[in-house]
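**Student:**
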C-alpha cells in the first residue's frame, strides 16, 4: 500500500522542505534588512540631534550678541531644552510604535539614551570591521 504512494510522499516531502527553507531564508533576509534600516534611522536621528544642538548654540550666541538680557536668553534656553527633550521622546516613541511587530525584538533601546548607546555600538562595530578589513589587506 505505502509502496505505490512512495513517489507522491517524496514529492510532498520535497515541497514541504522547499517551502520551509524558503520561508526561513526570507525571514533571515528581512531581519537583516530591518536591522540595517534601524541602524540608518539611528544614524539619521543622531545627525539631526547634533545639528539641532549646533543650531541652538548659534542661536544663543546670536541672541547674546544682539544685546538680549541673560535672563531672557536663559528663559529661551529653558524652553528649547524642554522642547528638545519632548522631541527626542516623541521620535523614539514613534520609531518603537511604527516598527514592525514581528521584528521589535531587534530594538535594543527604549528611550533616547538607549538609542544613542545602540548607535555608539553600531559605530564601534563598523570601525572594527573596517580595521579588520584593512589589516587583512595588509597581510
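Residue numbers (my numbering): 6 to 144. Quick reminder that beta carbons are idealized off the backbone N, C-alpha and C, glycines included. This structure is a prediction, so every number in the text was calculated from the model and none was measured.
1. So, at 6 Å on beta carbons, what are the nonlocal neighbours of residue 107 in its own chain, with the 5 sequence-adjacent residues on each side left out?
2. Below 8 Å on the Cβ atoms is my contact criterion, and I expect residue 78 with residue 68 to pass it. Report the Cβ-Cβ distance as a whole number of Å.
3. From the DSSP output, in three-state form, read off residue 71 for me.
4. Just reading off the alpha helix (DSSP H) that residue 128 is part of, what are its end residues?
5. Just how far apart, CA to CA, sit residue 52 and residue 140?
6. Cα separation between residue 65 and residue 39?
7. With DSSP collapsed to three states, give me the class of residue 106.
**Tutor:** Here's the rundown:
1. Within the chain shown, the letter at position 102 stands for residue 107. Closer than 6 Å at Cβ, skipping near neighbours: no residue.
2. Within the chain shown, residue 78 is the residue found at index 73, counting from 1. Within the chain shown, residue 68 is the residue found at index 63, counting from 1. Right, the Cβ-Cβ distance comes to about 5 Å (below 8 Å), so this counts as a contact.
3. Numbered from its first residue, the chain shown carries residue 71 at position 66. Residue state, collapsed to three classes: coil.
4. Your numbering for residue 128 matches position 123 in the chain shown. In this chain, the alpha helix (DSSP H) harbouring residue 128 covers 117-143.
5. One-based indexing of the chain shown puts residue 52 at position 47. One-based indexing of the chain shown puts residue 140 at position 135. Approximately 29 Å between the Cα atoms of the pair.
6. Walking along the chain shown from the start, residue 65 turns up at place 60. Walking along the chain shown from the start, residue 39 turns up at place 34. For residue 65 and residue 39, the distance between alpha carbons rounds to 39 Å.
7. Here residue 106 refers to the residue found at position 101 of the chain shown. Residue 106 falls in the helix class under three-state DSSP.
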